[in-house]
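Q: Can you keep this structure in mind? I'll have questions shortly.
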Amino acid sequence: MTLTVKDLSVTYETASGRKVLAVADVNITVQVGEFVSLIGPSGCGKSTVLHCMGGMLRPSAGSVAVGGEEIRDPRPERAAFIFQDYSLFPWKSVVDNAAIGLRFAGMPKAERRARALKELELVGLGHVADSYPAELSGGMQQRVAISRALAMEPEILLMDEPFGALDEQSRRRLGIEMSRVLTDTGKTVVMVTHSLDEAIFWADRVLVMGKGPGRIIEELVVPEPRPRRPEFMTDRRFDALRAKLFSLLEVSPAEEPVAVRSAG
Amino acid sequence: MRAELTKVWALRAALGVALFGSWVYATGPGEVSPVLLPRLELVWRALVGFVQESKTWEHVGVTLFEIGIAFLGSIVAGILVGFACSRTPLRAKVSEPLLAWGYMAPLVLFYPLFILWFGVGIWSKILYGVVSGFFPIAFNSLRGFQAVDERYLRVARAFGASPGQTDRLVKVRAALPMVLAGVRIGAALNIITVILAEMLAAERGLGYELAYASQTLQVPRVFAIIVVLLCVVALLQLLIQRFAKTRHEA
Amino acid sequence: MILDRGGRSAAERLAARATLIRTLIIVGFLVVWDLVVRLDLVDPLFLTGPIGVVKAVGSLAGDPIAREAFSSTGISIVTAFIVGTSAGIVVAAVLGGSKVLRKAFLAPLLFILSTPKSIFIPIFVLVFGISGTSAAAFGAFEAFFYVVVNVLGGIELVEDRHLRVARAFRASRFHKYVDVIGPAALPGLFAALWYGVKHAFLGVMIAQLWASRGGIGDLIRTYSTTLQTDYVLAVVLVVTLAAILAGALWSRVEDRLNRWRGSRGTAVTAGLAG
Ligand SMILES: Nc1ncnc2c1ncn2[C@@H]1O[C@H](COP(=O)(O)OP(=O)(O)OP(=O)(O)O)[C@@H](O)[C@H]1O
Ligand SMILES: [Mg+2]
Numbered sequence: 208m209t210l211t212v213k214d215l216s217v218t219y220e221t222a223s224g225r226k227v228l229a230v231a232d233v234n235i236t237v238q239v240g241e242f243v244s245l246i247g248p249s250g251c252g253k254s255t256v257l258h259c260m261g262g263m264l265r266p267s268a269g270s271v272a273v274g275g276e277e278i279r280d281p282r283p284e285r286a287a288f289i290f291q292d293y294s295l296f297p298w299k300s301v302v303d304n305a306a307i308g309l310r311f312a313g314m315p316k317a318e319r320r321a322r323a324l325k326e327l328e329l330v331g332l333g334h335v336a337d338s339y340p341a342e343l344s345g346g347m348q349q350r351v352a353i354s355r356a357l358a359m360e361p362e363i364l365l366m367d368e369p370f371g372a373l374d375e376q377s378r379r380r381l382g383i384e385m386s387r388v389l390t391d392t393g394k395t396v397v398m399v400t401h402s403l404d405e406a407i408f409w410a411d412r413v414l415v416m417g418k419g420p421g422r423i424i425e426e427l428v429v430p431e432p433r434p435r436r437p438e439f440m441t442d443r444r445f446d447a448l449r450a451k452l453f454s455l456l457e458v459s460p461a462e463e464p465v466a467v468r469s470a471g
Numbered sequence: 027m028r029a030e031l032t033k034v035w036a037l038r039a040a041l042g043v044a045l046f047g048s049w050v051y052a053t054g055p056g057e058v059s060p061v062l063l064p065r066l067e068l069v070w071r072a073l074v075g076f077v078q079e080s081k082t083w084e085h086v087g088v089t090l091f092e093i094g095i096a097f098l099g100s101i102v103a104g105i106l107v108g109f110a111c112s113r114t115p116l117r118a119k120v121s122e123p124l125l126a127w128g129y130m131a132p133l134v135l136f137y138p139l140f141i142l143w144f145g146v147g148i149w150s151k152i153l154y155g156v157v158s159g160f161f162p163i164a165f166n167s168l169r170g171f172q173a174v175d176e177r178y179l180r181v182a183r184a185f186g187a188s189p190g191q192t193d194r195l196v197k198v199r200a201a202l203p204m205v206l207a208g209v210r211i212g213a214a215l216n217i218i219t220v221i222l223a224e225m226l227a228a229e230r231g232l233g234y235e236l237a238y239a240s241q242t243l244q245v246p247r248v249f250a251i252i253v254v255l256l257c258v259v260a261l262l263q264l265l266i267q268r269f270a271k272t273r274h275e276a
Numbered sequence: 092m093i094l095d096r097g098g099r100s101a102a103e104r105l106a107a108r109a110t111l112i113r114t115l116i117i118v119g120f121l122v123v124w125d126l127v128v129r130l131d132l133v134d135p136l137f138l139t140g141p142i143g144v145v146k147a148v149g150s151l152a153g154d155p156i157a158r159e160a161f162s163s164t165g166i167s168i169v170t171a172f173i174v175g176t177s178a179g180i181v182v183a184a185v186l187g188g189s190k191v192l193r194k195a196f197l198a199p200l201l202f203i204l205s206t207p208k209s210i211f212i213p214i215f216v217l218v219f220g221i222s223g224t225s226a227a228a229f230g231a232f233e234a235f236f237y238v239v240v241n242v243l244g245g246i247e248l249v250e251d252r253h254l255r256v257a258r259a260f261r262a263s264r265f266h267k268y269v270d271v272i273g274p275a276a277l278p279g280l281f282a283a284l285w286y287g288v289k290h291a292f293l294g295v296m297i298a299q300l301w302a303s304r305g306g307i308g309d310l311i312r313t314y315s316t317t318l319q320t321d322y323v324l325a326v327v328l329v330v331t332l333a334a335i336l337a338g339a340l341w342s343r344v345e346d347r348l349n350r351w352r353g354s355r356g357t358a359v360t361a362g363l364a365g
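Residue numbers (my numbering), protein chains in the order written: chain A, 208 to 471; chain B, 27 to 276; chain C, 92 to 365.
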C-alpha cells in the first residue's frame, strides 16, 4: 500500500508556550517496496516527519495515509519503528524483546516466540536469543530492534538513524546485511540518516530536507537495482550522486565528516 | 514552563489550604478536643510567646552547637577512616562490611547507653550524633576513594604526579561527589539523632523543651516548638546543601 | 586469572584473608571489652562484660515480661509496616501518574523525609495515648515517607524511550504497566518495601523509647534507669544483630534482583536512617 504524506505541517509548542513551525507543507509518496531515505541538516524536521508517518505524532495540518486510510495512531503491524537508541527492554531476554510487539498484540507465548526466533535468525542472532540486551554489542542490539520491528510483519519500516550510534565499521557491515534482508522481504522502508553514503547506497530515492521550516528541497533517484553490491560505493554514478548531495546540503566535501558527526 | 510552575504552586497552596482548613474546622465546628488539637490562634500565640522568651534562643543555641560539633566530628572521623581504609584492597575488603553493619545497626537503641556513659549533658548528644553520622560518611568515603576511575590515575601517572599529588589532586577530587553524598546523609542523621537525643533525656535544647511541653500537656506550646524546630531544620538543610555541593555534580 | 594450588583465584584469596582479619578484629574487640571489665577499668554498674551480656540474653529468653515486650513490639512493627507501606504505595501511585503532581509534592515530601520525624511523636502520643497504638502509628508515619519517596524514585527510573517503544508497538494500558513501568520501577518498589520495614521498625523503637507502656523501648528504659546494664546491652545486642542480619540479607536480595541492570545497578535509596 502506498504511503502518502500530504501538505504536512507540524507546529510544536515549547514549554514556555512559544510556537515553533518545525515542518511545513511536506508532500511525500512512497510506493510499495520502495526504499526512501530522508536526509538533511540537524533539526530540519526529519524525525518529525517520520513520527507522523508512524502515527506517533498528529500533524498540525495535512495528513498521512497508508493505502488511502488516514494514520492517527501507531499501528506496528502496518508500519513499525526502529529507533536510533535501540530502546530494548533490559529486563527482557533478546527473544522476548523481539516478541514484545506480538505480546502487546495478544499473541500466545509459544507462537510469538517462534516468530521472534525466526526473525532473530534472519538477522543472524538466533544463538543469543536467551541472552539479555546488556550482554550484546551495540550492533547486535540494533539487530534485535530490527527483529522486533520485522516480527510485526509490517508492510512499512520506519527507521530513525538506525545505525547512528554505531561505529563506521559495524555500520557499514550491518547496513549491507540489512539492505539484503529488507530487499528480500520486499519491505517498504523510510529511513532517516545523516550519512550521505548510507542515504544513497540503500535507497531508491533520496529526499533532501531543508531547514527553517523543514521542507523537501530536492529529490534524487538512485537508478540502480537493489540489493546493491559494496562495489557500488566506488562506482562513478555513486560519486556523482554523492557530490550532488554535498552541494545540496551546503557542505564542502572536506568538511563532511565533521558536519556529519556534529549533526545528530 | 511558567504555566507549569503556576500549577505546581497552586497545588501546594491547595494542600496547605486543605490542611489548615480542616484544622480550623476540627477545632471549631468539628469540636475536636483542644487537648488533642489546639485552635490555630492559640498555637500562633504560643509561637509568638516562645520566640520572645530569651531562654528560647539559648535552647536554639545549645541544639545548634550540639549539631555543629557532631557534624564536624563525624565528617573528620568519617572521611579520615574512609580514606585510611581505602588505601589497600585488603583494608577496604576488611572494613567495608564493618562500616556497612555500623550503618545498619539501629543506633536509636544505643542512646540509653550513651546517657549511662556520658550523662544527660550535651556530650552524650554530641557523641551520639558523631557516631550516627560517622558510618554513612565513612562508608561512602571508602566507596568513593576506592572507585576512583583508573583513567584519572593513569593520567596522573603519565604526567608525573607524585603519590601525594595523586592523592590530593586526583583521588580526593574524583571521590568528592560520593564523599559529599555521604556527608549529606551524615548531616541529616546528625540533626535527627541530636534532636531525638534531646527529646529522650536532656537538660537543655529545643528537643528538651518539646519533651517538657509535651509532658506538662502544654499542647499549643508543643505545636509552636515543632514549628520552630522545622524552621531550624530547614535552615540547616539549606546550609548543608550549600556546603555539600560540587560544581561538576550540578 | 591466576589460581593457587587450592584452585582459588587471587580475588577469592583476598576475600578469605579479609574475612579472617575481620573476624580477628571482632574477637579482639570482644577481648578488649572483656579485659576492660575484668580489670575493673570501668564501674561495673555502667558496663558488663560480654559473657555477662550473653548470660543476660539467656535469662531474657526465659523472662515472660521480656518475651511479652518483644512480641508486642513485633506486632506494632508489623502493623506499622502494613499501614505505612500501603498508604505510601497508594499516594506514590497517585503522584506517579502525573508529572505536575510529582513536581508539586516531591520537594515537601523530601523535606519531611530529612527532618527528625521524632519531633512529631508528642502529637501521636496526644492522639493515641501512651500505648502500642501510638508507637505503631508513628512507625507507620515514618515508613510512609520512605515508601512514597522510593516508589516515586522507581517511577523516575522509567525511561521515556521505553515508553515510546510501548506506544510505537501499541501496548495496552495493562501491558504498559506490566511490561514497561513495572519492571523498570521494580528496584524502587523493592527499596520501598525494605525501607518500609526498616523505618516501621525504627519508628516503633523511637516512639517506645520516648514514652510507652510495654514493648522493647519500655524494657530498655526500665533496665537503664535501674542500672541493669547487662540487660540493656542484651536487648540492644539481640535487636542490633537481628537488624544487621536483615540488612545484609536485603543487600543480597537487592543485588540479585538488579542483576539485569548490569554494573549500573544501584537502586534508588533515599538513604536516610532515623
Ligand atoms: N517536542 C518538541 N517540542 C518543541 N520543539 C520540538 C520538539 N521536537 C522537535 N522540536 C523542534 O522541531 C524541529 C525539528 O525537530 P526534529 O527532531 O524533527 O529534527 P531532526 O531533523 O530529526 O533533527 P536531528 O537530525 O538532529 O535528529 C527542531 O527545531 C526541534 O527543535
Ligand atoms: Mg532526529
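We treat Cβ as the ideally placed atom computed from N, Cα and C, and that holds for glycine.
Could you check whether the Cβ of K253(A) sits closer than 8 Å to any heavy atom belonging to ligand 2?
A: Working through the first sequence from its first residue, we reach residue 253(A) at position 46. Yes, Cβ of K253(A) sits closer than 8 Å to a heavy atom of ligand 2.
Q: Three-state secondary structure (DSSP) at S469(A)?
A: Here the question's residue 469(A) lines up with position 262 in the first sequence. Here S469(A) scores only 35 on pLDDT, less than 50, and its place in the model should not be relied on; the value that follows carries that caveat. S469(A): helix per DSSP, three-state reduction.
Q: Can you check whether the C-beta of R258(C) is within less than 9 Å of a C-beta belonging to chain A?
A: As a working mapping, residue 258(C) is identified with position 167 in the third sequence. Among the CB atoms of chain A, one or more fall inside 9 Å of the CB of R258(C).
Q: What residues in the segment 262-276 of chain A have a beta carbon less than 9 Å from any beta carbon of chain C?
A: Per Cβ criterion, the list reads G262, M263.
Q: With 16 as the cutoff for other CB atoms within 10 Å, does T441(A) come out buried or exposed?
A: The sequence position of residue 441(A) within the first sequence is 234, counting from 1. With fewer than 16 Cβ atoms within 10 Å of its Cβ, T441(A) is classed as exposed.
Q: Taking the alpha carbon of V326(C) as the reference point, which residue from L135(B), G42(B), S240(B) has its own alpha carbon closest?
A: Mapped onto the third sequence, residue 326(C) falls at position 235. When only C-alpha atoms are compared, the closest one is L135(B).
Q: Cα-Cα, which of T110(C), S205(C), D154(C), T224(C) is closest to F172(C)?
A: Looking up residue 172(C) in the third sequence gives position 81. F172(C) has its Cα closest to that of T224(C), out of T110(C), S205(C), D154(C), T224(C).
Q: As an exercise, report each continuous beta strand (DSSP E) stretch of at least 3 residues that is fully enclosed by the segment 309-388 of chain A, in chain order.
A: Note on the segment 309-388 of chain A: whole beta strand (DSSP E) runs with a minimum of 3 residues are 363-367, in chain order.
Q: Taking all protein chains shown into account, decide if E233(C) is buried (16 or more other Cβ within 10 angstroms of its Cβ) or exposed.
A: Residue 233(C) sits at position 142 when you count from the first residue of the third sequence. Flag for E233(C) reads buried.
Q: Could you tell me whether any non-hydrogen atom of ligand 2 is closer than 8 Å to the CB of E405(A)?
A: Translated into positions along the first sequence, residue 405(A) becomes position 198. False, no ligand heavy atom lies under 8 Å from that Cβ.
Q: Since K194(C) meets chain B, which of its residues come closer than 8 Å, beta carbon to beta carbon?
A: Working through the third sequence from its first residue, we reach residue 194(C) at position 103. K194(C) reaches chain B at E30, V34, counting residues in chain order whose Cβ is nearer than 8 Å.
Q: In whole angstroms, what separates the C-alpha of G155(B) from that of A227(B)?
A: Start at 1 with the first residue of the second sequence, and residue 155(B) comes out as number 129. Start at 1 with the first residue of the second sequence, and residue 227(B) comes out as number 201. Each residue's Cα considered, the two are about 14 Å apart.
Q: Name the one or two DSSP bridge partners that F507(A) has.
A: No answer is possible for residue 507(A): the residues shown for chain A start at 208 and end at 471.
Q: With DSSP collapsed to three states, give me the class of K197(B).
A: Taking the second sequence and counting its residues from 1, one reaches residue 197(B) at position 171. Looking at K197(B) - three-state DSSP - the assignment turns out to be helix.
Q: Going by beta-carbon coordinates alone, are S100(B) and F160(B) separated by less than 9 Å?
A: Counting from 1 along the second sequence, the entry for residue 100(B) is found at position 74. Counting from 1 along the second sequence, the entry for residue 160(B) is found at position 134. In this structure, F160(B) lies closer than 9 Å to S100(B) by Cβ.
Q: Are there 16 or more other CB atoms within 10 angstroms of the CB of V239(A), so buried, or fewer, so exposed?
A: By 1-based counting over the first sequence, the position of residue 239(A) is 32. V239(A) should be labelled exposed.
Q: Report the neighbours of R347(C) on chain A: residues whose CB is nearer than 7 Å to its CB, in chain order.
A: Here residue 347(C) is taken as the residue at index 256 of the third sequence, counted from 1. Residues of chain A passing the Cβ test: none, with the nearest at roughly 13 Å.
Q: On the DSSP bridge assignment, give the partners of S300(A) in chain order.
A: Here the question's residue 300(A) lines up with position 93 in the first sequence. Paired residues: none, contrary to the question.
Q: Are the CB atoms of A276(C) and D270(C) within a distance shorter than 9 Å?
A: As a working mapping, residue 270(C) is identified with position 179 in the third sequence. As a working mapping, residue 276(C) is identified with position 185 in the third sequence. Against a cut-off of 9 Å, the Cβ pair of A276(C) and D270(C) comes out as no contact.
Q: Compare the C-beta of D280(A) with all C-beta atoms of chain C and state if any pair is closer than 9 Å.
A: Here the question's residue 280(A) lines up with position 73 in the first sequence. Cβ-Cβ to chain C under 9 Å: yes for D280(A).
Q: Name the DSSP beta bridge partners of K190(C), please?
A: In the third sequence, counting from the first residue as 1, residue 190(C) sits at position 99. According to DSSP, which records beta bridges pairwise, K190(C) is partnered with nothing at all.
Q: On the DSSP bridge list, what partners appear for V217(A)?
A: Taking the first sequence and counting its residues from 1, the one referred to as residue 217(A) is at position 10. Its beta-bridge partners are V230(A).
Q: On a CA-only basis, which of F445(A), A305(A), L324(A), R387(A) is nearest Q349(A)? Give me that one, please.
A: As a position in the first sequence, residue 349(A) is number 142, starting the count at 1. Residue A305(A) is the option with its Cα nearest to Q349(A).
Q: In the segment 281-302 of chain C, which residues sit with their C-beta less than 9 Å from some C-beta in chain B, listed in chain order?
A: Taking 9 Å as the Cβ-Cβ cut-off against chain B, the residues of the segment 281-302 of chain C that qualify are K289, F292, L293, M296, I297, L300, W301, A302.
Q: Is the beta carbon of V351(A) within less than 8 Å of some heavy atom of ligand 2?
A: Numbered from its first residue, the first sequence carries residue 351(A) at position 144. No; taking the cut-off as 8 Å, the Cβ of V351(A) has no heavy atom of ligand 2 nearer than that.
Q: Please indicate yes or no: does the CB of E250(C) lie closer than 8 Å to some heavy atom of ligand 2?
A: Numbered from 1 along the third sequence, position 159 holds the residue referred to as residue 250(C). No; taking the cut-off as 8 Å, the Cβ of E250(C) has no heavy atom of ligand 2 nearer than that.
Q: Quick check: is the beta carbon of V205(B) nearer than 9 Å to any beta carbon in chain C?
A: Here residue 205(B) refers to the residue found at position 179 when the second sequence is read from its first residue. No, its Cβ sits nowhere closer than 9 Å to a Cβ of chain C.
Q: To the nearest whole angstrom, what separates the beta carbons of F215(C) and A298(C), a pair I think is in contact under 8 Å?
A: To locate residue 215(C), count along the third sequence from 1; it is residue 124. To locate residue 298(C), count along the third sequence from 1; it is residue 207. Their Cβ separation, rounded to whole angstroms, is 7 Å, which keeps F215(C) and A298(C) in contact under 8 Å.
Q: Could you tell me the distance, in whole angstroms, from the CA atom of V330(A) to the CA atom of A450(A)?
A: For the purposes of this step, residue 330(A) is taken as the residue at position 123 of the first sequence. For the purposes of this step, residue 450(A) is taken as the residue at position 243 of the first sequence. Spanning the two alpha carbons is a distance of roughly 32 Å.
Q: Beta-carbon separation of R113(C) and P123(B) under 9 Å?
A: By one-based count along the third sequence, residue 113(C) stands at place 22. By one-based count along the second sequence, residue 123(B) stands at place 97. Yes, Cβ-Cβ distance for R113(C) and P123(B) is below 9 Å.
Q: From which residue to which residue does the beta strand (DSSP E) around F439(A) run?
A: Here residue 439(A) refers to the residue found at position 232 of the first sequence. Taken as a continuous stretch (DSSP letters only), F439(A) belongs to no beta strand (DSSP E), as it is neither H nor E.
Q: Taking Cβ to Cβ, would you say R312(C) is nearer than 9 Å to P138(B)?
A: As a working mapping, residue 312(C) is identified with position 221 in the third sequence. As a working mapping, residue 138(B) is identified with position 112 in the second sequence. Yes, these two residues count as a Cβ contact at 9 Å.
Q: Is there a Cβ of chain A sitting closer than 9 Å to that of P248(C), yes or no?
A: Here residue 248(C) is taken as the residue at index 157 of the third sequence, counted from 1. At residue 248(C) the sequence reads Leu, which differs from the Pro that was named. Cβ-Cβ to chain A under 9 Å: no for L248(C).
Q: Locate the alpha helix (DSSP H) running through I93(B), then write down its first and last residues.
A: Position 67 of the second sequence, counted from the start, is the residue given in the question as residue 93(B). Element bounds for I93(B): 80-111.
Q: Whole-angstrom Cβ separation of L455(A) and I424(A), contact assumed at under 8 Å?
A: As a working note, residue 455(A) is residue 248 in the first sequence. As a working note, residue 424(A) is residue 217 in the first sequence. Confirmed, about 7 Å.
Q: Check for me: the beta strand (DSSP E) holding F242(A) runs from which residue to which?
A: Taking the first residue of the first sequence as position 1, residue 242(A) is located at position 35. Run containing F242(A): 242-246, per the beta strand (DSSP E) assignment.
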